[in-house]
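**Student:** Counting from 3, one number per residue, gives the positions in the sequence shown under the working numbering. All C-beta atoms, glycine included, are put in the ideal place defined by N, C-alpha and C. Keep in mind it's a predicted model, so treat the numbers as computed, not measured.
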Amino acid sequence: MEKVFAKTKGLTDVPFSFCPGCTHGIIMRLIAEVMEELEIIEDTIGISPVGCAGFCQDFFSCDFVGAAHGRAQAVGTGVKRALPDKVVFTYQGDGDIAAIGTQHAIHSAARGEKITSIMVNNAIFGMTGGQMAPTTLEGMKTSTSPFGRDTALNGYPIDLPKVVANLPGAVYVASVSVDSPKNIIQAKKAIKKAFKVQLAGLGFSFVSVLSTCPTNWGLSPVESLKWLRENMMPVYEMGELKVTEEVESL
Numbered sequence: 003m004e005k006v007f008a009k010t011k012g013l014t015d016v017p018f019s020f021c022p023g024c025t026h027g028i029i030m031r032l033i034a035e036v037m038e039e040l041e042i043i044e045d046t047i048g049i050s051p052v053g054c055a056g057f058c059q060d061f062f063s064c065d066f067v068g069a070a071h072g073r074a075q076a077v078g079t080g081v082k083r084a085l086p087d088k089v090v091f092t093y094q095g096d097g098d099i100a101a102i103g104t105q106h107a108i109h110s111a112a113r114g115e116k117i118t119s120i121m122v123n124n125a126i127f128g129m130t131g132g133q134m135a136p137t138t139l140e141g142m143k144t145s146t147s148p149f150g151r152d153t154a155l156n157g158y159p160i161d162l163p164k165v166v167a168n169l170p171g172a173v174y175v176a177s178v179s180v181d182s183p184k185n186i187i188q189a190k191k192a193i194k195k196a197f198k199v200q201l202a203g204l205g206f207s208f209v210s211v212l213s214t215c216p217t218n219w220g221l222s223p224v225e226s227l228k229w230l231r232e233n234m235m236p237v238y239e240m241g242e243l244k245v246t247e248e249v250e251s252l
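#1: From what residue to what residue does the alpha helix (DSSP H) around Phe197 run?
#2: Would you mind working out which of Ser19, Glu140, Lys5 and Gly23 sits nearest Glu225, comparing C-alpha positions?
#3: For Ser110, which three-state DSSP category applies?
#4: Taking contact to mean at least 3 C-beta pairs separated by less than 8 Å, is the stretch 16-31 in contact with the stretch 69-81?
#5: Does the stretch 89-105 come into contact with the stretch 48-56, if we say contact requires no fewer than three beta-carbon pairs (one atom in each stretch) closer than 8 Å?
#6: So, do the stretch 191-199 and the stretch 97-110 have three or more beta carbon pairs nearer to each other than 8 Å?
#7: Between which two residues does the alpha helix (DSSP H) harbouring Val36 extend?
#8: Going by C-alpha distance, which of Ser63, Thr130, Val67 and Cys58 is nearest Met121?
#9: Looking at the structure shown, is Leu169 part of a helix, part of a strand, or coil, going by DSSP?
#10: Between the beta-carbon of Thr217 and the beta-carbon of Gly128, is there less than 9 Å?
#11: Using the DSSP secondary-structure output, state which residues sit across from Gly176 in a beta bridge.
#12: Measuring straight from C-alpha to C-alpha, what distance separates Ser210 and Ser63?
#13: Who are the near neighbours of Ala84 in its chain, counting only those whose CB is closer than 8 Å to its CB and skipping five residues on each side?
#14: Just the C-alpha distance for Met134 and Thr146, rounded to the nearest angstrom, thanks.
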């Protein structure tokens, strides 16, 4: 019998330990599939952060280096500069890369570091109790904004990909989602292009992936997908936000 689907070699046999309905597993599978298809598993070094995304080092088949909270891109920069022939990527939640790690995201892009960063945006701090994050939507209730995010007090949510896209060193920036089969396919294409950018030595590549957090949102997995579509997608600009001329040919 012809095999039409098999588990990617980019993932280990460790079972995912994320909450039911969390889409981290989908995103990780896409990255793993891309590594396998590009035949770079053995040449890839991932950088793991703090938070739910930090578990990624248990699930990928490639090598990993752990980083302090928000410092994954700083560590990734060091690894890439020391080992320029390796493929280096960071896998970070929005509470990591868009909060304490903002300076590293901005300056890694500004310097045009030849690494790939994946941001998982669920608009909340997941592991530590559902606190308000820089990406929390206006009016969104969290454990630290029980009456909803008040922009007069807390400011507005940060659309980090749009900020990064303005920096010359960033050559490919995309914002995607994994809420539906169609969008999952588009997300994989963006992730694959981001890795191709690095393989071509063109500069900094960045992909933001809208994700769900049913536990801290207080919703079922199905309700969470609907909430993401109705509330997050109108706020965060979707699609390829920056594709330089060099990248278009990949």
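**Tutor:** Answer, in terms of the structure:
#1: Pro183 to Leu201
#2: Gly23
#3: helix
#4: no
#5: yes
#6: no
#7: His26 to Glu39
#8: Cys58
#9: coil
#10: yes
#11: As written in the sequence, residue 176 is Ala, which differs from the Gly given in the question. DSSP, once it has assigned bridges, lists Val209 and Glu242 as partnering Ala176.
#12: 22 Å
#13: none
#14: 6 Å
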